[in-house]
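Chemist: Below is the structure I would like to discuss, written out as structure tokens.
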Ligand SMILES: Nc1ncnc2c1ncn2[C@@H]1O[C@H](COP(=O)(O)OP(=O)(O)O)[C@@H](O)[C@H]1O
Ligand SMILES: [Mg+2]
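Protein chains in written order, with this note's numbering: chain E, 196 to 476; chain X, 1409 to 1763.
As structure tokens, this is what we get:
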């Protein structure tokens, strides 16, 4: 840029942004870490190794991993369909994908209870499966329910990252491959995938972050502490218990979530950096 | 006919992109689909390739109806308008792609790829990625990639559109030679008459989704069959004796020539802009002036030869009987089956396009 006369506006804007950033984002996180360690390391370790915490960590990781796997698969399918094919209902599908973005997670969770709960319409079907195959599947107030709710809430993340990139890429390379006799999956693997590698990874990271942090939807379908609670629910339960110790414990468990979040941010940075490097190469 | 379209129609929503098109291309020939932008050329090419499905009508290749044969099994090589090279593969991998799909042996693939790399003159560039190549080199890769699986028909969509005007002429001849060397039946799409005339044995003029006229370039210039063709091609003069004209003295005898109105410039002897070129002009007389809406069409008599040229309405008025200096930039010279573009020898070194 040209060396124009110094204006106060940029400085002012930067100042406001920094203050806002510190007050709204950094300070709360620092306080979480500070509070979690305030009463000593021993209490911290005890809090994060408590059976309820470990169970919650396990449920969170299970739900997030399955959500990422399922949404990677369906996100790829949906993005591929929407961007590479012309068909009736394409626009409708594209809109449906966004439903989880516009519906409050709590309502999504309640909808799950209505559908799969004791009075829900899918219950006779599940009962039939259970009695026929001798299984004991329960979709609400159970880990599978938590997993389903998490999948629902994080569904759009991957496809929404992929769609613009795949749209911009167009179909010409795929058509060129098809002209040479390549079939669907080969075309995807050899031609489409290299274009979307980094975008997909980026979508996966966002999806994982959102899955781990989810509260509302899992709150609706999960009621048993120590069995179906996720980390966010455990934090809430500890905090609501209200004792001085339990509040410190709530901060300790929160710090776990913060650490996971920071780790994800770092991975995201690395991915973005690598993606930019390959773009330029 | 090796490739044949019978009564092909195609609609995009309400828009008719192909209206009952029937055409044929004989084995070993090089045909051009020529027409203005949006006339439906690409659509026809994609229907032949199987990338687009016609609403009705048949596509025949080598006598067999291929309507239900998927694109990848029609034995067609396709060069896309912007080449559609695989960005994340090297030149080598691009060319090898079709062979790998066919699960050919490794040594066979290697031999075929290197043969093609050599054929198109890209030796030493096998490890490059498409974004490390020039437009012309990319075109060569696209060409080699399309030919690698030994197709029996080659389709090219505006193969020169993405190339610098400067190298375009050179590449046209290169591609023509290359295709006749390989001997493959080919159809290419273009909106550029020079390109069609110079590269194709046969021109299929397309307008608004219809086939207007098909034939050898000379037939189309000699007898435009529809008013569209007449207009699109322009009122060209077809000459049999050419050698008396300045700048064309060394055209071999017995050749016919086509002079399009765009190739002719006529100006009064006191014109300032063309002063330096007066020595290279013929003298002619205006015999007819026709008003064509946005320009005038002048007919000139130059030593008994009738030439036409278009004149902008903004220039000085002219009248029948006015003497004019007539400059001919270039002509299409017909040499048996081939048509060559022949530039006026005396204008070498003059930047004609900028006048
Ligand atoms: N996939 C498509 N959907 C809708 N309209 C199309 C599609 N492809 C082509 N068209 C329309 O069909 C007409 C012919 O297009 P095209 O065959 O690409 O022309 P050309 O190659 O001669 O320039 C154009 O008006 C274009 O807008
Ligand atoms: Mg086109």
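For each residue, glycine too, the CB sits at the ideal point set by N, CA and C.
Of the residues that make up the region 351–384 of chain E, which ones have a beta carbon closer than 8 Å to any beta carbon in chain X?
Modeler: Those residues of the region 351–384 of chain E that come within reach of chain X (Cβ to Cβ, closer than 8 Å) are 367, 368, 370, 371, 372, 373, 374, 375, 376, 377, 378, 381.
Chemist: What are the residues of the region 1465–1483 of chain X that lie near chain E, defined by any Cβ-Cβ distance shorter than 9 Å?
Modeler: Taking 9 Å as the Cβ-Cβ cut-off against chain E, the residues of the region 1465–1483 of chain X that qualify are 1478, 1479, 1480, 1481, 1482.
Chemist: Under 8 Å between C-beta atoms, does residue 1510 of chain X make it to chain E?
Modeler: Yes, because at least one Cβ of chain E sits closer than 8 Å to the Cβ of residue 1510 of chain X.
Chemist: Name the DSSP bridge partner or partners of residue 1618 of chain X?
Modeler: Partner(s): X:1615.
Chemist: Compare the C-beta of residue 1496 of chain X with all C-beta atoms of chain E and state if any pair is closer than 8 Å.
Modeler: For residue 1496 of chain X, the answer is yes, since a Cβ of chain E falls inside 8 Å of its Cβ.
Chemist: Give me the Cβ distance between residue 1500 of chain X and residue 1534 of chain X, rounded to the nearest whole Å; I'm assuming they're in contact under 8 Å.
Modeler: Their Cβ separation, rounded to whole angstroms, is 4 Å, which keeps residue 1500 of chain X and residue 1534 of chain X in contact under 8 Å.
Chemist: Have a look at E:457, E:433, E:436, E:416 and flag the residue whose alpha-carbon is nearest the alpha-carbon of residue 313 of chain E.
Modeler: That would be E:416, whose Cα lies nearest to the Cα of residue 313 of chain E.
Chemist: Between the region 201–232 of chain E and chain X, which residues of the former have a C-beta closer than 8 Å to a C-beta of the latter?
Modeler: Going along the region 201–232 of chain E in chain order, one finds no residue with a Cβ nearer than 8 Å to chain X.
Chemist: Using C-beta distances below 7 Å, list every residue in its chain close to residue 1589 of chain X, excluding the 5 sequence neighbours before and after it, in chain order.
Modeler: Counting only Cβ-Cβ distances below 7 Å, and skipping sequence neighbours, we find nothing.
Chemist: For residue 1633 of chain X and residue 1667 of chain X, I'd like the C-alpha separation in whole angstroms.
Modeler: Cα to Cα, residue 1633 of chain X sits roughly 18 Å from residue 1667 of chain X.
Chemist: Determine which residues of the region 1553–1577 of chain X have a Cβ less than 7 Å from any Cβ of chain E, and write them out in chain order.
Modeler: Residues 1557.
Chemist: Taking 8 Å as the cut-off, decide whether the C-beta atoms of residue 1545 of chain X and residue 1564 of chain X are in contact.
Modeler: No. Outside cutoff.
Chemist: What residues of chain E sit near residue 1488 of chain X, judged by a beta carbon separation below 8 Å?
Modeler: Those within 8 Å of residue 1488 of chain X in chain E are 367, 370, 371.
Chemist: Taking 7 Å as the cut-off, is the C-beta of residue 1447 of chain X nearer than that to any heavy atom in ligand 1?
Modeler: Within the cutoff, so yes.
Chemist: Please classify residue 1719 of chain X as buried or exposed, where buried requires at least 16 other C-beta atoms within 10 Å of its C-beta.
Modeler: Label assigned to residue 1719 of chain X: buried.
Chemist: Tell me the DSSP secondary structure of residue 408 of chain E in three-state form.
Modeler: Residue 408 of chain E falls in the helix class under three-state DSSP.
Chemist: Could you check which residue in X:1608, X:1669, X:1430 has the C-alpha nearest to that of residue 1409 of chain X?
Modeler: The option with the nearest alpha carbon to residue 1409 of chain X is X:1430.
Chemist: State the Cα-Cα distance for the pair residue 403 of chain E and residue 463 of chain E, rounded to the nearest angstrom.
Modeler: Going by the C-alpha atoms only, they are around 11 Å apart.
Chemist: Measure from the alpha carbon of residue 247 of chain E to the alpha carbon of each residue in E:445, E:290, E:455, then state which is nearest.
Modeler: Considering only alpha carbons, the answer is E:445.
Chemist: At 4 residues or longer, what runs of the alpha helix (DSSP H) sit wholly inside the region 274–348 of chain E?
Modeler: Taking only runs of at least 4 residues, the alpha helix (DSSP H) segments lying wholly in the region 274–348 of chain E are 285–292, 294–297, 300–311, 318–328.
Chemist: Between the beta-carbon of residue 1559 of chain X and the beta-carbon of residue 1483 of chain X, is there less than 8 Å?
Modeler: Against a cut-off of 8 Å, the Cβ pair of residue 1483 of chain X and residue 1559 of chain X comes out as a contact.
Chemist: Would you kindly work out how many angstroms separate the C-alpha atoms of residue 1536 of chain X and residue 286 of chain E, rounded to a whole number?
Modeler: Cα-Cα distance, rounded: 40 Å.
Chemist: Tell me which residue opens and which closes the beta strand (DSSP E) that residue 1600 of chain X is part of.
Modeler: Counting along the chain, residue 1600 of chain X falls outside any beta strand (DSSP E), and DSSP gives it neither H nor E.
Chemist: Going by the C-beta, is residue 1597 of chain X closer than 7 Å to any heavy atom of ligand 2?
Modeler: For ligand 2, at least one heavy atom lies less than 7 Å from the Cβ of residue 1597 of chain X.
Chemist: Mapping DSSP to helix, strand and coil, what is residue 1510 of chain X?
Modeler: Note: residue 1510 of chain X maps to coil in three-state DSSP.
Chemist: How long is the line joining the alpha carbons of residue 1444 of chain X and residue 305 of chain E, rounded to whole angstroms?
Modeler: Distance between the alpha carbons of residue 1444 of chain X and residue 305 of chain E is about 60 Å.
Chemist: So residue 1553 of chain X and residue 1623 of chain X are supposed to be a Cβ contact under 8 Å. How far apart are they, rounded?
Modeler: Between residue 1623 of chain X and residue 1553 of chain X the Cβ distance is about 32 Å, and since that is not below 8 Å, they are no contact.
Chemist: Which residues share a DSSP beta bridge with residue 1707 of chain X?
Modeler: Paired residues: X:1696, X:1716.
Chemist: Against residue 386 of chain E, what residues of chain X qualify as contacts under a CB-to-CB distance less than 7 Å, listed in chain order?
Modeler: Under the 7 Å cutoff, chain X gives 1494.
Chemist: Determine which residues share a DSSP beta bridge with residue 1411 of chain X and list them.
Modeler: Partner(s): X:1433, X:1469.
Chemist: Using 10 angstroms around the beta-carbon of residue 291 of chain E, count the other beta-carbons present and answer buried if the total reaches 16, otherwise exposed.
Modeler: Exposed, by the Cβ-count rule.
Chemist: Look at the alpha carbon of residue 284 of chain E and the alpha carbon of residue 277 of chain E, and state the distance between them as a whole number of angstroms.
Modeler: Using only the alpha carbons, I get a separation of about 10 Å.
Chemist: Would DSSP call residue 418 of chain E helix, strand or coil?
Modeler: Here residue 418 of chain E sits in coil by DSSP.
Chemist: State the start and end residues of the unbroken alpha helix (DSSP H) segment that holds residue 1458 of chain X.
Modeler: Element bounds for residue 1458 of chain X: n/a, residue is neither H nor E.
Chemist: With distance defined between alpha-carbon atoms, name the residue in X:1569, X:1697, X:1670 nearest to residue 1737 of chain X.
Modeler: It is X:1670.
Chemist: Going by DSSP, what residue range makes up the beta strand (DSSP E) through residue 230 of chain E?
Modeler: Not the beta strand (DSSP E): residue 230 of chain E falls in the alpha helix (DSSP H), residues 222–232.
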